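Participant: The structure follows.
There are 2 protein chains.
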Amino acid sequence: MSRPLTARQQHVFDFIVKTMGEFGYPPTRAEIAKALGFRSPNAAEEHLRALERKGVIRIIRNTSRGIRLPNQEPQEALDTAASAVPANLETPLHTGLPVIGEVAAGSPILAAEHIDRYCPLPAEYFTPKADYLLRVRGLSMKDIGILEGDLLAVHRTERVRDGQIVVARLDDEVTVKRFKRQGHQVTLYAENSEFDPIEIDLRSQSLDIEGVGVGVIRGGNGQALG
Amino acid sequence: MSRPLTARQQHVFDFIVKTMGEFGYPPTRAEIAKALGFRSPNAAEEHLRALERKGVIRIIRNTSRGIRLPNQEPQEALDTAASAVPANLETPLHTGLPVIGEVAAGSPILAAEHIDRYCPLPAEYFTPKADYLLRVRGLSMKDIGILEGDLLAVHRTERVRDGQIVVARLDDEVTVKRFKRQGHQVTLYAENSEFDPIEIDLRSQSLDIEGVGVGVIRGGNGQALG
DNA sequence: GAACATACTGTATACTTAACCACTTATCGA
DNA sequence: TCGATAAGTGGTTAAGTATACAGTATGTTC
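Residue numbers (the numbering used here), protein chains in the order written: chain A, 24 to 249; chain B, 24 to 249.
Listed below in structure tokens is the structure:
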């Protein structure tokens, strides 16, 4: 596993736990900074990232107070919080498939900071096995039932065949399309008549294949259905 | 105390409790609005104020996610919420959700002989919780991304609201449609321009609601994706 | 029938917050 | 002495969020 927390990191963690118990919601960066005496919220931010790297918290990106303690049962988390020192920090807090939200330009898809949460489904549920779930943006694949907000199960591979649904990186943007190749000419088809196919000449443009779509999940975690 | 909550206020309160339990922090106005189907966050705001007036929550001003449930013991909050919701039918003891294939005419959906297999996903992954997965036949709902062979996660209930995707039994046939009711007249809409809506007069025809759709899974067990 | 509460839509604004960038200081092991 | 890590300061920006204001519609109460 990872290294134990430093003293300062432990202070930050304790404050999160205390805040959860006291107010029922996690603190903001600014609140952490104030409580710990930092003059900059950035100090809190970096501590949070360290805590996440070490697996003791989870950060929900772009969400105010988006800090989660590992315990599966949040109510248990509160109880634990009230009384105890975090004893088993080394406990793996995630099982299942990582859900990838926004992917920052230039960074690998599976970077820890892209992981929104985990879906408790074994990778082998899909064939070939899924390596992660990618949150779909836009409606370019709606004609084959892949809608905005859906989770696309993705099998990591660079070897794709014509007609497969692929996750590709084009100009640092991650996109889901149907793949077709003729020599050095690749066409990425949207499944939506309002979108035009994308033509790529591999001699002049770069195209990175991140994987193939192997499944779709919709409706988890309160997402609407319809 | 003050007057009891209205039905709508109860919905909002339940959603807050659910969010607290699921994520460990309270929802924002916008999240409430989205979950309850409001188009304006102000609707959520006014519900929150009503809930505060009636003493069931406390609002911390100018604070993101500043909603507190009064109960010191979080478990109590959950109990309250649970009891406010109609009793659930049966809790499956096996792990995973049963997958229902063909449903024989005249027999209950959840009869053992209909269960194809189990999908290793907790019922609570969906909201409200899924009771089973129904294998979809036909393309009548393709415009909202529900295709043939998909597994529709279904929450068992007879209480459905306009616009929801319902599993209904009509003339002993199980069908998935969008529900709309005006008095004793029910219309079941397909989401596919090639299908006509089905009109039912409850005075002369019987319509059994088996549940509402809460999610979709595609691609499990080798099923193709596109 | 006026007064009031509920239950919203729609728009706008200002505050809150997460997240980034550039930079500094100190410690520790190689 | 170099590089890596920890622990910050200070400031910026865009997104997230609470909240006010102006309406509409439908009931219930007196």
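Where is the CB? At the ideal position from N, CA and C, for every residue including glycine.
What you are looking at is a predicted structure, and each value in this text was computed from that prediction instead of being measured.
(1) Pick helix, strand or coil for Asp-166(A), following the three-state DSSP scheme.
(2) If we call anything under 9 Å between Cβ atoms a contact, is Ala-213(A) one with Ala-176(A)?
(3) Determine the burial state of Arg-88(A): buried for a count of at least 16 other Cβ atoms within 10 Å of its Cβ, exposed for fewer.
(4) How far does the alpha helix (DSSP H) with Gln-32(A) in it extend, from its first residue to its last?
(5) Nearest by alpha-carbon distance to Phe-46(A): which of Gly-168(B), Thr-86(B), Gly-249(B) is it?
(6) Quick one, which residues of the stretch 70 to 93 of chain B are near chain A if we go by CB-CB under 7 Å, in chain order?
(7) From the DSSP output, in three-state form, read off His-137(A) for me.
(8) Per DSSP, which residues does Phe-149(B) bridge with? Please list them.
(9) Where Tyr-141(B) and Leu-92(A) are concerned, what is the direct C-alpha to C-alpha distance, given to the nearest angstrom?
(10) Could you check what DSSP says for Lys-77(A) in three-state terms: helix, strand or coil?
(11) Just the C-alpha distance for Ile-221(A) and Ile-232(A), rounded to the nearest angstrom, thanks.
(12) For Asn-65(B), which three-state DSSP category applies?
(13) Considering Ala-191(A), what are the terminal residues of the beta strand (DSSP E) in which it resides?
(14) Return the residues of the stretch 34 to 53 of chain A that lie within a Cβ-Cβ distance of less than 9 Å from chain B, sorted by chain order.
(15) Tell me which residue opens and which closes the alpha helix (DSSP H) that Leu-59(B) is part of.
(16) Classify Arg-72(A) as helix, strand or coil using the three-state DSSP reduction.
(17) For Gly-124(A), go through chain B and note every residue whose CB falls closer than 7 Å to its CB, in chain order.
(18) Provide the residue span of the beta strand (DSSP E) that contains Ala-176(B), from first to last.
(19) For Phe-202(B), which residues in the same chain have their Cβ closer than 6 Å to its Cβ, ignoring the five residues on either side in sequence?
(20) Are Glu-147(B) and Arg-160(B) closer than 9 Å when you measure CB to CB?
Facilitator: Based on what the coordinates show:
(1) For Asp-166(A), the secondary structure class from DSSP, reduced to helix, strand or coil, is helix.
(2) Judged by their CB atoms, Ala-213(A) and Ala-176(A) are not nearer to each other than the 9 Å cut-off.
(3) Counting of Cβ neighbours within 10 angstroms places Arg-88(A) among the buried residues, the total reaching 16 or more.
(4) Element bounds for Gln-32(A): 30 to 46.
(5) Among Gly-168(B), Thr-86(B), Gly-249(B), the Cα nearest to that of Phe-46(A) belongs to Thr-86(B).
(6) Of all residues in the stretch 70 to 93 of chain B, Ser-87, Arg-88, Arg-91, Leu-92 have a Cβ within less than 7 Å of some Cβ in chain A.
(7) If DSSP states are grouped into helix, strand and coil, His-137(A) belongs with the helices.
(8) Beta-bridge partners assigned by DSSP to Phe-149(B): Gly-243(A).
(9) Near 30 Å, if we compare the C-alpha coordinates of Leu-92(A) and Tyr-141(B).
(10) Coil, per DSSP.
(11) Their Cα atoms are separated by approximately 14 Å.
(12) In the structure shown, Asn-65(B) sits in a helix (DSSP, three-state: H, G or I).
(13) Here the beta strand (DSSP E) through Ala-191(A) covers 188 to 193.
(14) Residues Met-43, Phe-46, Gly-47, Tyr-48, Pro-49, Thr-51.
(15) For Leu-59(B), the enclosing alpha helix (DSSP H) has its first and last residue at 52 to 59.
(16) Arg-72(A) falls in the helix class under three-state DSSP.
(17) Contact note: Gly-124(A) does not reach chain B at a C-beta cutoff of 7 Å; the least C-beta distance is about 15 Å.
(18) Note, Ala-176(B): beta strand (DSSP E), 174 to 178.
(19) Here the set comprises Val-183, Gln-187, Val-189.
(20) Here Glu-147(B) is not near Arg-160(B), since their CB atoms are 9 Å or more apart.
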